[in-house]
Structures are given as structure tokens and as C-alpha cells.
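Going by the working numbering, the letters in the sequence shown line up with residues 10 to 141, in that order. Even glycine gets a Cβ: it sits at the ideal position worked out from N, Cα and C. Scroll down for the structure; my scribbles are underneath it.
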Amino acid sequence: MFVSNNLKAALTRSVLISLFTWRRASSDDPIDDDERYGWWGDSFPMVANDRIGSRLWLLRRVKLTAQTQLDAEFYAREALQWLIDDGHCSAIEIQTERLDAQRLNLRTVLTLAGGERLDINPNHSWQVTYAV
Numbered sequence: 010m011f012v013s014n015n016l017k018a019a020l021t022r023s024v025l026i027s028l029f030t031w032r033r034a035s036s037d038d039p040i041d042d043d044e045r046y047g048w049w050g051d052s053f054p055m056v057a058n059d060r061i062g063s064r065l066w067l068l069r070r071v072k073l074t075a076q077t078q079l080d081a082e083f084y085a086r087e088a089l090q091w092l093i094d095d096g097h098c099s100a101i102e103i104q105t106e107r108l109d110a111q112r113l114n115l116r117t118v119l120t121l122a123g124g125e126r127l128d129i130n131p132n133h134s135w136q137v138t139y140a141v
């Protein structure tokens, strides 16, 4: 199956918004201040329990450990699950790579209908956005 550049661009945007918009913290999430953040629109979802964004922001002040890496993968999968639920892809692969003591790279590979894979690396997206 041929996937158009428009579809690839739309899915890339969807992944970036889903990963890097701050989802409201759950009541049992440990937070480092009194704010649970999140998008105000999630207070009035059109679909019950529908939420935008991820909880990756909860990792902003934690030490980068193997558990932090697993948490990042979990939060990313949680944020992108809607792509499978809504039929935009059949599988999502989350890859993390710990570069050093302070950096964790996150990469997403979507398996689309027909088996084509779309590799979304946020580093590449920012390079295009900022023309570096």
C-alpha cells in the first residue's frame, strides 16, 4: 500500500502532539509541585475518558534510571494508543535509547494498514521545523 506524504505528515504531527502535549496527571501520580497540569479541553471530552497528550512531563525532574526509561515507554504507549483504537495504525513500537546520564531519546514506529512502517524520530522533526 502506498502511503501519501500528506498522511505521513498528519501522522507525524499527531504523534508529536500526543507525546509532547502535557496530559493531566492522574490522582495517584507523584508530582513535584501542587499542579497536575493538563489541557483544559480534557475536562469536556467529546468521547468519555478521551485525553490528549502524554504524562512524559512527569519525568522532567527525575533521575534517569532504567525505571525512568520504562516509564517513558509506558507513557508514550499510553499517549499513542488512540492511533490503534481509531484504526490509524495496527501497531506501535516505542524505542528508547539512553544517550548519557541526562538524555533519553524516544522514537516511534507505526505499522500502518498494509504493513508499511512509518518511523517517527522527534529529533528529525525538530530539525525540519527549525531548518537545522
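(request) Assess, as a yes-or-no matter, whether the segment 34-44 is touched by the segment 11-20 under the definition of 3 or more beta carbon pairs within less than 8 Å. (result) no
(message) Among the candidates ALA110, TRP31 and ARG86, whose CA atom is the shortest distance from the CA of VAL118?
(response) When only C-alpha atoms are compared, the closest one is ARG86.
(message) Suppose you measure from the CA of VAL141 to the CA of ASN132; what does that come to, to the nearest Å?
(response) Note that VAL141 has pLDDT 45, beneath the 50 cutoff, so the model's placement of it is unreliable and the number below is only indicative. Using only the alpha carbons, I get a separation of about 11 Å.
(message) Relative to the C-alpha of ILE61, which candidate in THR21, LEU68, ARG33 and LEU20 has its C-alpha closest?
(response) Looking from the CA of ILE61, the closest CA among THR21, LEU68, ARG33 and LEU20 belongs to ARG33.
(message) Please state the DSSP three-state secondary structure of TRP31.
(response) strand
(request) Assign THR138 to one of two classes, buried (16 or more other C-beta atoms within 10 Å of its C-beta) or exposed (fewer than that). (result) Confidence at THR138 is low in this model, with a pLDDT of 48, below 50, so its placement is unreliable and the value that follows should be read with caution. Using a 10 angstroms sphere on the CB of THR138, the tally of other CB atoms stays under 16, which defines it as exposed.
(message) Quick check on DSSP: helix, strand or coil for ALA57?
(response) coil
(request) Have a look at SER99, ASN130 and LEU115 and flag the residue whose alpha-carbon is nearest the alpha-carbon of THR105. (result) LEU115
(request) Tell me whether ARG107 sits in a helix, a strand or coil according to DSSP, three-state version. (result) strand
(message) Taking DSSP's pairing of strands, which residues face SER63 in a bridge?
(response) Paired residues: TRP31.
(request) Could you tell me which residues DSSP pairs with ALA100 in its beta bridges? (result) THR120
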